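Protein chains: 2
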Amino acid sequence: MTSIIRQDLSTRDWTIFSEKRAARPHDPGEKRKKKVLNSYEPGCPFCLGNEESTPEPLLVINGGGRWSVRVVKNKFPAVESMGSLEGGSYKKRHIEGPYLSIDGVGEHEVIIESPLHNDNIAKIDPDHVEKVVTAYKMRFIDVSNKFTNQLVIVFKNHGKRAGTSLDHPHSQLLAIPFVPGYIRNKMSESQRYYDEFGTCVYCDIINNEKSSGERLIYENEGYVAVAPYASSVPYNIIIYPKRHMSCFAEADKKELKGLAGILQLVLGKLYYLLDDPDYNFVIDTSTIDQSGNRHYHWHLEIMPRLSTRAGFEIGSGMNINHIMPETCAENLRKIRFIPNKKGGKK
Amino acid sequence: MTSIIRQDLSTRDWTIFSEKRAARPHDPGEKRKKKVLNSYEPGCPFCLGNEESTPEPLLVINGGGRWSVRVVKNKFPAVESMGSLEGGSYKKRHIEGPYLSIDGVGEHEVIIESPLHNDNIAKIDPDHVEKVVTAYKMRFIDVSNKFTNQLVIVFKNHGKRAGTSLDHPHSQLLAIPFVPGYIRNKMSESQRYYDEFGTCVYCDIINNEKSSGERLIYENEGYVAVAPYASSVPYNIIIYPKRHMSCFAEADKKELKGLAGILQLVLGKLYYLLDDPDYNFVIDTSTIDQSGNRHYHWHLEIMPRLSTRAGFEIGSGMNINHIMPETCAENLRKIRFIPNKKGGKK
């Protein structure tokens with residue numbers, strides 16, 4: 006058997022690993038050309054000096070005599086905050102024939118990660134990355150505490166294949182008024198594991214990965230970065246806090262510093278190994294009202310966009326991956342560079 | 006509220022509709038250039054005359070003195086058929102620490118839809134499309150009856166953004182030895198609906214769409230094509246058979262002809278409206294051993310690849326769509342063309 010199907014212990018979802026698939030013929034495609042970016046772009050609404058193109062900031066973190074991180078409302082929101090909550094209309098459900106819909110109430114914010122158009126989390130000052138993740142936490146708490154919001158997702162789209170519409174480095178926060186089935190299912194699987202084994206499934210994964218080491222990419226005081234056993238895509242990476250915390254908002258100041266450090270290091274390894282690949286990352290966490298629960302364990306998942314989700318993946322909900330996580334982890338471990346040195350590969 | 010969140014009645018998954026998102030600024034991207042294809046490509050393993058590049062065919066359907074449709078094993082399979090079933094090793098599960106894996110046993114076949122490199126289901130002879138869907142059914146039954154296979158998915162990837170590696174028109178069939186959670190969940194939702202209301206949720210959707218008409222794209226004797234109420238992507242289309250059938254294999258000869266007709270018509274409308282967009286389609290069906298059940302209802306779902314699944318979609322399992330299905334259905338209804346006339350827009 007040259008192909009193996011692995012189960013993700015935390016979700017019970019499966020991935021097919023078939024290294025043979027990597028060898029299949031392709032029609033010659035266009036070679037992706039990387040744009041060279043300037044530090045300032047006159048038409049970019051997120052650049053230093055163009056602040057009037059965005060709404061009033063919700064949060065500004067300064068540094069070096071100017072702003073370092075700025076959070077604004079998304080001008081093209083997927084969901085919108087309620088001006089008034091009168092009459093409880095924020096929870097309005099509509100029945101249309103046999104169907105159900107909900108008003109698109111929520112928040113959609115942009116975390117502008119730097120005043121400079123051509124900055125990159127993988128290469129900026131580590132203290133600056135700490136400001137970015139601090140902004141994540143501050144906005145996560147603020148938005149979560151508004152009672153119209155139920156689920157808050159912090160995510161980043163880097164590069165065209167990852168769905169970015171603007172090059173300027175930014176992340177997003179999106180809050181919706183309910184918990185979708187996908188998340189509920191993940192929560193229910195970890196609850197079931199806890200009921201069966203009396204331990205957090207994520208803590209068990211962390212301990213196993215630390216002791217086996219073959220999928221371990223990096224470890225610092227507070228975190229491990231792992232290529233998951235059932236990685237859904239090539240170079241899939243999960244950063245887990247070692248301390249059991251169900252909700253991202255539980256991370257303290259020191260833990261945010263540790264997160265910034267490992268996030269930058271791992272993104273730097275990806276940058277140098279794969280020539281600045283497009284990727285998404287997502288903070289996967291319990292809701293704030295589930296803080297302190299025993300079965301969930303927040304983590305940050307990075308999904309490079311090196312392959313395309315096609316018909317089988319859409320139809321089955323499974324993924325096909327052509328490279329084993331052990332190989333990815335080994336390649337990422339080998340890459341060494343000096344963080345915060347632009348162009349600084351060791 | 007300019008944004009609305011709709012629930013898919015059959016899966017209980019949600020989609021956020023926000024037409025504002027369509028207006029957001031984009032960095033200027035490269036305009037996609039369509040390749041002009043020849044009818045024969047010397048290096049293409051699927052072209053007429055190059056049959057020796059593929060393994061022995063599993064099925065050949067002839068027409069006009071040559072083959073029309075040819076099914077071969079995928080030379081770069083995601084999963085592989087078992088040579089021998091001795092010792093029941095086909096069902097081998099492996100325990101690795103806390104994790105579970107299964108041997109990649111299954112089938113991975115390619116349905117070559119035409120001998121000509123530049124053919125397109127949207128434009129070939131309707132009788133030829135009937136041969137393609139007949140090949141789907143024949144291979145679906147044959148593969149399903151092999152007791153190592155549990156789930157069989159027939160799908161098509163059209164164009165680079167849909168994950169095609171070869172331009173020559175082809176579909177695929179992939180069989181795996183178990184049912185993944187995503188499918189089990191869909192089955193369980195339709196079972197629950199049946200238990201609650203005593204009717205098939207898909208039959209209820211079909212009746213509702215026929216009577217309201219606002220999301221109806223096309224209807225023939227046996228089928229309706231609908232823009233789903235909670236469409237996950239722009240121009241999402243589902244073709245439902247009107248007769249209740251849980252499994253695709255239940256479709257008889259006349260029903261396959263009807264499927265070919267509506268599939269070609271709908272793909273033709275997409276072709277002319279959106280200039281040959283990339284798309285995936287998937288036959289979503291119960292397994293063959295669930296044929297005749299009362300709660301599931303097979304259908305064919307088309308997902309054009311006009312937008313990119315980004316961090317929020319990955320993290321939440323929900324989709325954000327910037328065009329309402331009522332608009333898509335109206336635009337598709339308006340497009341009229343003469344099937345089987347190359348370049349034949351009315």
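Residue numbers (the numbering used here), protein chains in the order written: chain A, 6 to 351; chain B, 6 to 351. Every residue gets a Cβ at the ideal spot worked out from N, C-alpha and C, and that includes glycine. Predicted model, so just to flag it, every value in this text is computed and none were measured.
For residue i: DSSP bridge partner residues
i, result
"B:K161", "B:F286"
"B:R98", "B:I107"
"A:V77", "A:V115"
"B:F22", "B:I9, B:N326"
"A:W375", "Residue 375 of chain A lies beyond the stretch modelled for chain A, which goes from 6 to 351, so this question has no answer here."
"A:H133", "Per DSSP, none; premise fails for A:H133."
"A:Y240", "Paired residues: none, contrary to the question."
"A:L156", "A:I181"
"B:P309", "B:Y284"
"B:E85", "B:V110"
"B:Y141", "Partner(s): none; B:Y141 has no beta bridge."
"A:R71", "A:G68"
CB contact check: residue i to chain B, cutoff 7 Å
i, result
"A:S237", "no"
"A:V76", "no"
"A:R295", "Note that residue 295 of chain A corresponds to Gln in the displayed sequence, not to Arg. A:Q295 does not count as touching chain B."
"A:Q12", "yes"
"A:K161", "yes"
"A:T313", "yes"
"A:K229", "One point to set straight first is that residue 229 of chain A is Val, not Lys, in the sequence displayed. Judged by the 7 Å Cβ criterion, A:V229 is not in contact with chain B."
"A:M323", "yes"
"A:Y199", "no"
"A:A334", "no"
"A:F253", "no"
"A:N285", "yes"
"A:S89", "Only weak support exists for where A:S89 lies, its pLDDT of 47 falling under 50; the value from the coordinates is given anyway. False, the Cβ-Cβ gap to chain B never drops below 7 Å."
"A:K247", "no"
"A:P33", "Because A:P33 carries a pLDDT of 47, less than 50, the predicted location of this residue cannot be relied on, and the following value inherits that uncertainty. By this cut-off, A:P33 is not an interface position."
Unbroken alpha helix (DSSP H) run spanning residue i, endpoints
i, result
"B:A334", "330-339"
"B:A230", "Unbroken run through B:A230 is the beta strand (DSSP E), 228-231; no alpha helix (DSSP H)."
"B:N190", "186-202"
"B:L268", "258-279"
"A:N298", "Where A:N298 is concerned, there is no enclosing alpha helix (DSSP H), given that its DSSP letter is neither H nor E."
"B:Y207", "206-217"
"B:I319", "316-321"
Cβ of residue i within 7 Å of any chain A Cβ
i, result
"B:P120", "no"
"B:P185", "yes"
"B:K339", "no"
"B:T20", "no"
"B:L268", "no"
"B:D281", "no"
"B:G92", "A caution first: B:G92 carries a pLDDT of 48, below 50, which makes its placement in the model too unreliable to give a value."
"B:N125", "no"
"B:F202", "no"
"B:E85", "yes"
"B:G218", "no"
"B:G168", "yes"
"B:K215", "no"
8 Å contact criterion, which residue i and residue j should meet: CB distance rounded
i, j, result
"A:K142", "B:G316", "In fact, because the Cβ distance is near 17 Å, the residues do not count as touching under 8 Å."
"A:N125", "A:S44", "At roughly 12 Å, the Cβ-Cβ gap does not stay under 8 Å, so A:N125 and A:S44 are not in contact."
"A:H300", "A:P239", "Actually they are not in contact, since the Cβ atoms of A:H300 and A:P239 sit about 30 Å apart, beyond 8 Å."
"A:A254", "A:I293", "5 Å"
"A:R220", "A:P82", "At roughly 38 Å, the Cβ-Cβ gap does not stay under 8 Å, so A:R220 and A:P82 are not in contact."
"A:R338", "B:S106", "Between B:S106 and A:R338 the Cβ distance is about 23 Å, and since that is not below 8 Å, they are no contact."
"A:G111", "A:V84", "3 Å"
"B:S251", "B:G297", "6 Å"
"A:I158", "A:V137", "With 8 Å as the limit, A:I158 and A:V137 do not qualify as a contact, their Cβ atoms being about 16 Å apart."
"B:H302", "B:Y198", "Incorrect: roughly 11 Å between the Cβ atoms, too far for contact."
"B:I5", "B:V229", "The structure shown does not extend to residue 5 of chain B, since chain B spans only 6 to 351, so no value can be given for it."
"A:V77", "A:E101", "Contact doesn't hold; Cβ gap of about 34 Å is too wide."
"A:E118", "A:S58", "Contact flag wrong, Cβ pair sits at about 17 Å."
"A:Y284", "A:F342", "Between A:F342 and A:Y284 the Cβ distance is about 17 Å, and since that is not below 8 Å, they are no contact."
"A:S237", "A:N324", "4 Å"
N- and C-terminal bounds of the beta strand (DSSP E) containing residue i
i, result
"A:Q177", "175-181"
"A:Y223", "221-224"
"A:N353", "Outside the displayed span of chain A (6 to 351) sits residue 353 of chain A, for which this structure offers no information."
Beta-carbon neighbours of residue i, restricted to chain C and to distances below 8 Å
i, result
"A:L105", "Among the protein chains of the structure shown, namely A and B, there is no chain C."
Listed from N- to C-terminal order along the chain, which residues in the segment 132-155 of chain B have their beta-carbon within a distance smaller than 7 Å of any beta-carbon of chain A?
Within the segment 132-155 of chain B, not one residue has a Cβ closer than 7 Å to any Cβ of chain A.
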